[in-house]
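Residue numbers (this note's numbering), protein chains in the order written: chain A, 132 to 604; chain B, 132 to 604; chain C, 132 to 604. One structure is given here, and the rest of the page talks about it.
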């Protein structure tokens, strides 16, 4: 008689502090917010998924292939990305099952990771899986999830409602027509709020391959000739306006550094022309990009888009992998970040302007207490973004609160941001954040730094007020 | 019937570990040191406050306007510094009440911050406030504090005694006549010890506006012509001697970096002349400042003043605010620090000299385990300074002990330093430190890294021995 | 009647979490691994100690003089290294007792340090000492330890067996004949596995004094003329082969940075010739060293030696001490480390090659979450090394697991490495690691991130599988 496989267990008190007294407090705080609507002000879900509302293809395409948190760790175990359906488009059932089996076979490699926590919660709470993934259980679990995905209640719009999402921001190229957003807006059956985010990186970096083409496309999208610098600025402004018309409240920027330094119009125009002509030096390309960070701040002051910065990641570290599988395939690796000096010119110019809001994210924890909290603890325009990417995980979130709160308090932080491509992980990630912040606040109550009514108000604000304030929702 | 406002509650076990077993140990350790005299070897209280012994003006001038920990966070909430009495000199009652109301109205913004903890303890323990600050309670609390400040027992000297301060160091310009210190020394009614600290930064940085004027003033104060380099050195030495006569035991240095590099007398004299003539380049000005860091070490070896270093803060980050409100107004922002390479020439020359003592402070936590603990764990001259500025807070203090102790132990740390301008926060800050170190030591006892008698001896030494040793008191 | 001196107490539950529920879980995990064999894949014990199997000389020579963790902190207390027998060769009894007395007299200075924990466990568990070291007890404890060292059961081979060591790696110069390793291999009485590690630093850095002599010696050892670059490469390859024949599975590299950048054969040969001629500039010397890091990776791909990197320590910070006492005398001080950019060329070339294995160590904690975990979480060739040197201590090990696990899991870490010169500390260090990882895993179980059976499998793998995998044992 074969032994039953181990169960998949998701404990109701998971991530709350284990000490009984702290857990009691944390539970009371968590209970107050667990069912509050989800505000997701920054992420990478495709609006077309909701506009089209087609059933998801299969378990692997939903939970494995597009999620670089998952595929990267499988790759580190020696599984080629090609086995996981990365960059492969729609998978046939054999491919999907194979990718799924790799995940289940290597389930133990995820122990202790954030990805494991998210997957486990999704499998159990959304899909009702009750056995632990393994080589033996892979096919059964695949069948369970696949069966669910065929049900109407597992179509994207149904899940959006079931997840309790109130606002969902997507991330979009300035040239995007935002048709899916318009479709949703126009649909009387649809009550959700799905808004775009203006992400112009590829149009702002002359050093990046394809920049010339990008500004041509920008001009076409805006109906403005980007052949000179004035037209380029006008086209960017026009596309920002287009985004704002479709509900955008923020622009997002992810360059190698956050340095903002104005060149003056004349020099900027000269470098723009040189870049178009292909004669700009690398230093000039960088100078132009830093000039444009300042211009983006200037536009934000004028049109009110919140400006979010996600710097200091070396993209596509392993060129052979990018060449074969494309970007966002798990080998973007952080480098040291610096904000104090880099943002000084921008903050000197706009830092106390009431129209500016900057949300600063980092994958370099050393800046939390050294730079981000001090900046957000003085400038009314600066917010510390929620822990990002590699730091969006239980231990790292505790370190974030520990490093930021004592200088900047809670009000100067952005509230949770899921930043995900994995649609079904949205409720799980927000729930994780609520649990961890409840646990964090419970400690402040337990050692008498905060009264419990204050902690209760704080956890509620972190969920419902902070993201609205930071993102002007 | 109106509801009673929430009470202001200060728990006797605050900041001690919440787990019952650890709390018991921590309480025993804390009880052994809670009433020991306060040694404050570095801070920014004005000696004249004690020499004159006038009543404090009003609650806002005492607790809000001069405290950049408080005003910076209110500024981040959108309150202009002008509303808080910053840089305004003496406030009239309307101004003082307005500043106070801003604090109380934004009380929730301070949750989880060190400033909140200090304010709460001061309001409750020193002034007897029992209701939580809010827009509604602001005026009542103002009245309570104002009434106390009118009492004789709340005059500076009375509080000095009540706080149990044994030694208080001030921070003073080399040109200061130290008259207030002399007044106190000469007063037979006065039993306290108030000593100056030699802080020559503005005289050592040719790149700083006003340096020429500063060295002229230095010459006048010393009665020595600072028109050439030899006179400049002699004047500095003379003023150090003047400070030592008035009880100084340390000099303090806060430059952008701690690099110490001797130029040799001839080149130093050349750069000094160029700086006076206004022809020194920025690189030469920096080289001269680094040369002077080495000279300060040389003088310390000769006259025995302990040398404390507080580097790597970008001062006056927001120029419009400094222009209007002056320095120390909440927008000094840390940058990365580096000690290993920067101090190598100094330590190679003087690091094992019995007369040198260096106390190294940082706002960049990444150097704790990487550089400061290894340096203090080898050089008998080096001490790791207590957590400074943004890091002088409960979580940060735990991170400090965690990062430093395993390499450098307890004896190589400086003991607590309050570094404050806020006179009434002195006892509260020292008490906070005693509670946190008790909690830290309780953990070492609870997991059997230390016997309780050793922890008891250690907490007592941290309070009574370490600061005396590090500052030669 | 004199009081009895305090006892030396080593609690069976030391380092396990103090909370009762967590301690119960941790105890179950620890019990499963406490008696498993020790795998020590990187360290600095001399193989001759085991080959010769002579009794250890005296307590100070065994536990004080050669251990820079101990002597550095005594030096910081003002004890000259000459008093501790550093660099003094064999000590006479008077010298040995004097060194020992310094340790005991300054016992309190070690409170809270890793060195204190290791010494305490060794004294109690290996030598049966039951009184706490102090000035008063120094001679008695010396006598107890000295008496034990005279017993046959305290000879090196007997201890090796008693400690349960299965594999012990030494660290050796490429010119080493590995005679002691050969003796042990050839001895039918000897069942242990003692393998060398190829550590070629001094042969790869033209800027280091003595490099020219080093490559001459290399040529002599290999029987290959190192007068030109081709011979130099061939000699290195030959010596690697020699090490592999004697059981080596890894090479070790400790330069100031890990930058790997190929110059091409022609340019490398030119720089090699210039370096031999003494005409290479410092920049060329550095470029050559970085080229050789890439060459070492190339050789690893070819011969399968695991490549371990220990970068970013400023060696011999205090030149007067090195001049008098030699290297490794306690004043090697870390500097900032950088891996993402520095290793990009190497990983682009070899990062997915199945023959390459890189184990990355750091004394700069800021790279754990920012660089090391992301790299090891993608590249199948990269492992995160166990906490190294100043970070090999209870608090630091918790910070390591906290920073690394959520991105890279457990499988991408190297398993524990003692890296020690102090033979008797080997079992104590491995035991410490097992306790701490048990405690860490207990927390994951207690807040429901991991089932207990998973934690049990993980702790077992960390002890028995990870080091074998990372070091190809």
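No residue lacks a Cβ here, since even glycine has one placed at the ideal position from N, Cα and C.
- Taking residue 232/B as the centre and dropping the five residues before and after it, the same chain places the C-beta of 269 closer than 6 Å to its C-beta, in chain order.
- Taking 9 Å as the CB threshold, residue 141/C lines the interface with chain B.
- Residues of chain A with a Cβ closer than 8 Å to the Cβ of residue 545/C do not exist, since the nearest Cβ in that chain sits about 14 Å away.
- The region 142-162 of chain B makes contact with the region 586-597 of chain B; the number of CB pairs closer than 8 Å reaches 3 or more.
- Between residue 138/A and the set 144/A, 263/A, 215/A, 186/A, the nearest pair of CA atoms involves 263/A.
- The continuous alpha helix (DSSP H) containing residue 374/B extends over residues 360-376.
- Under the 9 Å criterion on CB atoms, residue 532/C is classed as non-interfacial with respect to chain B.
- From the beta-carbon of residue 494/A, the residues of chain C found nearer than 7 Å are 501.
- Bounds of the beta strand (DSSP E) holding residue 296/B are 296-300.
- Residue pairing by DSSP places residue 138/A opposite 262/A in a beta bridge.
- When beta bridges are read from the DSSP output, residue 579/A appears opposite no residue.
- Within its own chain, the residues whose Cβ lies closer than 8 Å to the Cβ of residue 210/A, once the five positions on either side in sequence are excluded, are 233, 237, listed in chain order.
- With at least 16 other beta carbons inside 10 angstroms of its own, residue 500/B counts as buried.
- For residue 303/C, the three-state secondary structure derived from DSSP is strand.
- When Cβ-Cβ separations below 9 Å define contact, residue 449/C makes contact with chain B.
- When secondary structure is reduced to three states using DSSP, residue 291/A falls in the helix class.
- Membership of residue 383/A in any alpha helix (DSSP H) is not indicated; the residue belongs instead to the beta strand (DSSP E) covering 381-384.
- For residue 325/B, the enclosing beta strand (DSSP E) covers residues 324-326.
- Boundaries for residue 514/A: no alpha helix (DSSP H) harbours it, while the beta strand (DSSP E) harbouring it runs 513-515, taken from the DSSP string.
- For residue 538/B, the uninterrupted alpha helix (DSSP H) segment begins and ends at 525-539.
- With respect to the 9 Å criterion, residue 256/B and residue 558/B are classified as neighbours on the basis of their beta carbons.
- Against chain B, a Cβ distance below 9 Å from residue 497/A picks out 467, 495, 496, 497.
- With contacts defined as CB atoms closer than 9 Å, residue 532/A and residue 547/A fail to qualify as a contacting pair.
- The beta carbon of residue 161/A sits no closer than 9 Å to any beta carbon of chain B.
- In the DSSP annotation of this structure, the continuous segment of the alpha helix (DSSP H) that includes residue 431/B starts and ends at 413-434.
- Taking a contact as a CB-CB distance under 8 Å, the pair residue 380/B and residue 604/B counts as one, their CB atoms being some 6 Å apart.
- Comparing alpha carbon positions, the residue from 592/A, 468/A, 392/A closest to residue 443/A is 468/A.
- Looking only at 575/C, 592/C, 241/C, 600/C, the smallest Cα-Cα distance to residue 245/A is reached by 575/C.
- Beyond the five residues adjoining it in sequence on each side, residue 454/B comes within less than 8 Å, by CB distance, of no other residue in the same chain.
- Of the candidates 600/C, 347/C, 471/C, 471/C places its Cα closest to the Cα of residue 495/A.
- Within the region 385-400 of chain B, no residue places its CB atom closer than 8 Å to a CB of chain A.
- For residue 156/B, the enclosing alpha helix (DSSP H) stretches over residues 151-164.
- Residue state for residue 393/C is assigned as coil, using DSSP reduced to three classes.
- For residue 513/B, a Cβ of chain C is located within less than 9 Å of the residue's own Cβ.
- Residues of the region 319-339 of chain B whose Cβ lies closer than 8 Å to any Cβ of chain C: none.
- Per the Cβ contact rule, the region 326-343 of chain A is not in contact with the region 191-211 of chain A (fewer than 3 Cβ pairs under 8 Å).
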